[in-house]
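The sequence shown begins at 74 in our numbering and counts up one residue at a time. Virtual Cβ for every residue (Gly too), placed ideally from N, Cα, C. Predicted model, so just to flag it, every value in this text is computed and none were measured.
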Amino acid sequence: MHRRRRSNKNAQTTRFSLLLLEDGEFFLDDHSACRYLEPSAFTHRKVSGRIKVCTRGLFFVPHDLLLPILRFPFRCMVSEPVTECFLQPSSIPEAPGTETEETPLLYLTFQTKQVIEMRERGIDHPYIYKDTTEGIEVPNSEIRSNSSSSLNGEMPAKYIFTLQHVAYEAFLASIHVIFEVSNLPRRMLIKTEEETLLAPVLAPRMTDKFDPSLLIDFRERLLMETGCVANRIEPLLKFPGCLMLTTLRLYFQPSSLNNVFDPVLNWEYTNIDQVYKRRYLLQQIGLEIYLQNGDSFFFSFQTRKERDDFYALMVGQPELQRCRRKDLQYMMRKWQRRELSNFEYLKFLNNASGRTRNDLTQYPVFPWILSDYTNSDLNLGDPKVFRDLSKPVGALNEERLEYFKARYEVMPRGDEAEGMPPPFLYGTHYSTPGYVLYFLVRKVPECMLCLQSGKFDAPDRLFRSIKVTWDGCVSNHTDVKELIPEFFDCTLPADEWLKNHKHLDLGTTQNFDRVDDVELPPWAHGDPIEFVRKNRAALESDYVSENLHHWIDLIFGYKQQGDDAVKANNLFYYLSYEGSVDLETIDDPVQKSSLESQIQEFGQTPKLLFSTPHPSRNEGEGKIEVATPDLLLSPRVVVPHIRRVSIPANSASDFRLQQRKEFAFSAFEDYTESEDETEDDLSPYQRTRHRYSLVCCQSSWNRLPKAIEGLSTHLWGSISSGKPPKNWRWTSRLRTKYSLSTSWSWKQISKCQLHKGEVTSTILSKDNSFLWTTSKDKTLKLSSTQDVAQYRDVSGNFALSCCDISPDESVVLVGSWDNSVYMHSTSTGLVLDKVFAHSDGISAIRVLQDRFVTSSWDSSIKLWRYTSRFIVATPIRIFLDCEEPVLCLDVSRDGRFCAAGTRNGSVYLFNLSRAVFHSKIQASKHEGGISSIAFAQDNKSYVCATVQSELIQFNIRGEKLWSMDIRTAGQVRCFDSDGKYAVGGTTAGKILFWKLHEQAGTELVYEIPQAHDASISSLAVSSSGSIIVSGAVDGSVHVWKLQKKTPLPRTETSQLLSRQPTLHYGSIQTTSTSTPKIKTQRRSNFYIHNATAQLAEAECCLEF
C-alpha cells in the first residue's frame, strides 16, 4: 500500500487524489478552469487550475501548490450552478470623449454556504471547513451544525469560474442529475440507493468493451469476446474497469469512472510471478497477481463464477503454467529445517491465507513478540521479556479476560434467525483498517484523513509511543490489536512510519505533549532502525521459535474458530469469519450495504489454513492437516501447468503394463527428504534461482527423494552438446597461399530456389548428406545436399526464425515468430510437441544433449529440457540479464557456456554448468548490433560479427583477443568460426573467408564473389569444414564443397592473368616439387579487381 501509483499528468494536478472523496463518492470529469478571487468580472486577479466533477460536489485544484484544494459540496450550494454574463471593458483604446465599449462574457457561478480546504502547500492536514458568509474559521462540529443556514442572515459567497475547452451547456447538463441526487436527505439515502439513482450517469461510464487499439503487439489475439468487468483495489480505493486476456498479456482498461491514471495497464505473462484467488469483503470474488519485481495488483469481480472462469483461462496460458501455489506442508518443513526464518514463514502464511497490502481489511498480521519496553538493555535470553504466544492479545490480562468472559456468558444464544449475532468474546478485532493506519499515519496520512472523514484521530489516541501502545493492548477493553510486518521488516525504511518526516500537525495531548515522532523503548536508543532490528532479532530468537506454533494455531489454525476458539479465549465477532454471511444471496440493498460497511470497518479473520495443531519448529517433521480445500495439492490449483503425456505402446507384449501410465513433468528444487516421504509430501516449489526439471514415472514417486538427493551437485555437470567438435582442417588441404594455382577449391555442387521467402536458418546433418532449412515463408524443409531434392516440407502458421537438430538427429526444434518452439520428428516431419517459450519471437535456438537454449527479441534467454518425444513445459532456467533484444546466440561444444549478442552491441555470457549469468561485454565500439556469434573449437573463446562491419574475438574471461574492421561492400549478416578461421555471408551476396590473428589488412584470404544474387541471410559449415550451405533472402539455397579442381591449361591461365590488374603479394618459396608446400616469408594483403567468375574459380584457397 506504500507505493502510490501516479498518473502521467503534470505535477500540478497530482495533488488531487480519490482519497479526498467521501466514502461512496465517484470521480467523473476533469476540466481546465480559472477562478476569480473577487466577486467581480472586471478584476484580473484569477487563479488557473482544474475543476474536478464528482458525484457529491466540485473540486478546484489550483496549479499553484501554495494554494489549497477547494471542495464545494453540492449539498451546501444554495442552488444549482448556473452561467452568468458579465460585461467586460473592451481592451481596444477608444477616442477621447467616447464611451468605452463593453463586451459580454460568460461565467460559471454558484453560491455555497461552506467550502472545504485541503492539502494547502501540498501538505496533508486536517480539512478546514469554512463558512463562506463571514469567511471566519470555526470548529468543524459548529460549521457542520450550521451549514444548513447562513449565519447572521448573510448571503453565502458567490464563486466565479471560467471554463476552457468545454461548452457551459454541456457542463451544466452533466451535473444536473448528480446535483439533484446529492441534495436528497442524506439520512434516508444509502450508498446502494445513491448508485441506483445515479445509474443514468454511472452506467455509461462502466463498460466491458475492450478497445483493441490498446494492444501493444500486433501479433496478440484476444482470448475473450468481451472484457470482464472488475475493480482494481487499492487501500481505501476502488478503480472500476474491465480485464482482458490476450495471448501475451493481461490488460486492465479503466472505465471513465474514478479514472485518474493511465488509460490502460498491462502486464506481460513473462513478468507475472504468481496468481492467487482472493477474498474481498468475505466473498470469493478477488484475484491478485504478483509481478517478478515485487509489485502486486488486486482485482474484485462481480461474482465468484466470473472470477473462477477468468482465473482458469488466465492460468491456462502457456507462460503462466509455471505459476503455482507453494505447498503448506513443504514450506512448514523448510521452516522446521531452518531454511525459512520465522519472518519469512509468517509472510508465507499471511499470503496463503489471503492477506494482502492492497486491502486494509486483510492486511498482513504479525504478533506482539516483546513485553519489555522500559529497560535500557534487551536480554533475548530471558523468557520474561517475551509475550505469551499461546494466548491471544485479549487474554494476556487475566482481569480483562474475566470481563470478556462474563459478557460472553450473558449474551443471548439461539436468536440468530431473528437477527441477533452469535455470542463473542471480543467486539473488536486484532487487525482492522483503523489499526493498520494507526501504525502508518506518518507514512500515509492521506489514508488516515480519508478513513477519519478529513481529520486525524484525537492526539491521545494516536500512535505516539511503543510502550503506551503495548499498555493499551493489554489493558484497554476495546484494544486487542496485533502488529504489522513493518515492525520486523528491515528492508523498509523505519523512519517513514516511526518519525514525523512529513512534519504533520498531529496535535497535542491532554498533558500538553506535542505528538511528533514515535517514542521508542529505551533499548532502541532513539534509533528506528535499531528498534526494527531488535524486534526482528526477537522474532528469530530461540524462545519464539519454540512457541510460535501456538500463535499460528490462534491466527491461522484450528484455534481460530469454533469450540477450540472458545477454549482458547479467541472468539471474535461473527462477521470477521469467512462463510459467516453470503453477500451474494442478500437482495436487500440496505442490509447488504450495512454488512459491507461492518466488514470494511471491523476487519477479517485470515483464512483457516490448518485444522490440526501446528507442530513446533523443534519437533520432528510430522504431517499437518490442511483445512482449506483450495490449498491442497491438485492439478487445478497447485500445478495447473503439469503436462501429462501418455506413453504409446510399441507392442502389446512389451508395453501392455505401461499403456496407462503417465509421466508428469514439473520443476523441482534441490532438496533431500527422509525415506518415509510419501506422494503427498512432494510439492513443486522454487526455492532458489536454480531450478531443475525431472522426469518422474508414476510408479517411482516414493523413490523420488533418493533419486534427486545431491541434485544440485551433479545435475549440471552432465551438460554437453553431444555434437562433434569443429575441425575444419582447411590448412592441410588448402596449402597454397598467394598462388592462383591450387589443387583445392570451393565448388558449387547444387543450388535450388528452395523457399519463397528469406531463408532464416540452415542446419547440416552429421554426415553432410541432409539439410534442414527454415524460412519466413512459414516452412521447414528437409533436403539433400547433393541435388537439394526435398524430402520433407512442413508448413506453419507464422514465419519460422531458426532451427537446430538434436545430437542423435531424432528431432529438430524450430523457433517461430508466434513466440513458440516446435518439436518435429526427423523421420516423419510431424509436430511432436509445442511450448510457448517467450513473449516475443524466437531469435535463436541451440540444441544440446538433452536440453536446448532459446533466445528472443523479448531480451530473455531460457534453458529447457527435452526428450525424444516432448518438451518439458517449464524452463530449467530463465535468464533476464539482457537489456536489449537478443539477436543471436551460440553454445560451446562442451555445453558449458552460452554467448548471446544483443541489438546494442553487447555480448552476454552465461555459465550453463551452473545456470548463472557470467559476464557482459560491450563488444561493438559503435554499439552496432551483434549479427552473429560462434564459439571456437577449444570452447575457450568466441568470435562475433557486428552490423558495423566488426569482427571480434573474446575469451570467456572477457578479454579481447583480436579484432578487425571488415572492408567489404554491404554487411556481414551471418557467419561461423572455429576460432582460427571465419567465414561470413554478406548483404552483397558474397561469401568471405578470413584468417584470424593476422596483420591488419591481410585477414581476408578468399572470397566467392557471386555466391548469391541476393543478400545472404544464413550460413552453415560442416564440422569437418568440407561443406558450406548458404541461404539468401530470395529463398535460394546453395551448397558448396571443398574439393580438388581440374587445373586450367597454362596458356589459358596466362591469358586470364594478362587481363587482370597486378597482384601484390609476398615472396613465396617452394620447399618441394613432389609434395608442394608453400611458405610465406612476409604476409601481405592482395586485391583482385573486376574478377570474372571463371577467374574466381581459378583463384587459390589460401592457407589461413
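Cα-Cα separation, residue i to residue j
i, j, result
"L139", "R194", "4 angstroms"
"L577", "S90", "18 angstroms"
"I672", "P496", "17 angstroms"
"L355", "V980", "52 angstroms"
"S1109", "L921", "28 angstroms"
"D967", "G795", "8 angstroms"
"Y324", "G1062", "45 angstroms"
"A1073", "G1058", "21 angstroms"
"A996", "W596", "55 angstroms"
"W774", "K264", "Residue confidence for W774 is low, a pLDDT of 33 falling below 50, so the modelled location carries little weight and cannot support an answer."
"Y1054", "L1069", "6 angstroms"
"V126", "S373", "25 angstroms"
"D626", "H687", "6 angstroms"
"F370", "Q1026", "46 angstroms"
"F312", "V388", "24 angstroms"
"Y202", "L565", "36 angstroms"
Coil, strand or helix - residue i by DSSP
i, result
"I672", "helix"
"R950", "strand"
"Q409", "helix"
"H574", "coil"
"F383", "helix"
"I602", "helix"
"T1060", "coil"
"Q435", "helix"
"K1053", "coil"
"L982", "strand"
"Q390", "coil"
"K123", "The identity of residue 123 in the sequence shown is Arg, whereas the question assumes Lys. Three-state result, R123: strand."
"D533", "helix"
"D461", "coil"
"Q347", "strand"
"I1178", "Any answer about residue 1178 is impossible in this case: the structure gives the chain only from 74 up to 1177."
"Y418", "helix"
"P135", "strand"
"G790", "Reliability fails at G790, whose pLDDT of 44 lies under 50, so the model's placement of it is uncertain and no value is given."
"E293", "coil"
"D615", "helix"
Exposure of residue i, with buried meaning 16 or more beta-carbon neighbours within 10 Å
i, result
"I289", "exposed"
"V663", "exposed"
"T447", "exposed"
"D1191", "With the chain represented from 74 up to 1177, any question about residue 1191 goes unanswered, as that position is not in the structure."
"I878", "buried"
"L178", "exposed"
"I836", "buried"
"E392", "buried"
"L462", "buried"
"Q326", "buried"
In DSSP terms, what residue i is bridged to
i, result
"W845", "I836, L855"
"W819", "L1115"
"A972", "D963, L982"
"V1016", "A1007, Q1026"
"N339", "Y324"
"K311", "I306"
"M150", "T185"
"E157", "Y180"
"Q525", "BP columns for Q525 are empty, so no partner."
"T1182", "Examination of residue 1182 is not possible in this model, given that the chain is present from 74 through 1177 alone."
Report task. Evaluate contact between the segment 434-452 and the segment 572-588, counting only Cβ atoms and requiring at least three cross-stretch pairs below 8 angstroms. Result -> no
Report task. Evaluate contact between the segment 466-477 and the segment 535-545, counting only Cβ atoms and requiring at least three cross-stretch pairs below 8 angstroms. Result -> Counting Cβ pairs under 8 angstroms, fewer than three are found: no touch.
Query raised in the report: Looking at C-beta atoms only, is the number of pairs between the segment 341-351 and the segment 640-649 that lie closer than 8 angstroms three or more?
Result: The segment 341-351 is not in contact with the segment 640-649.
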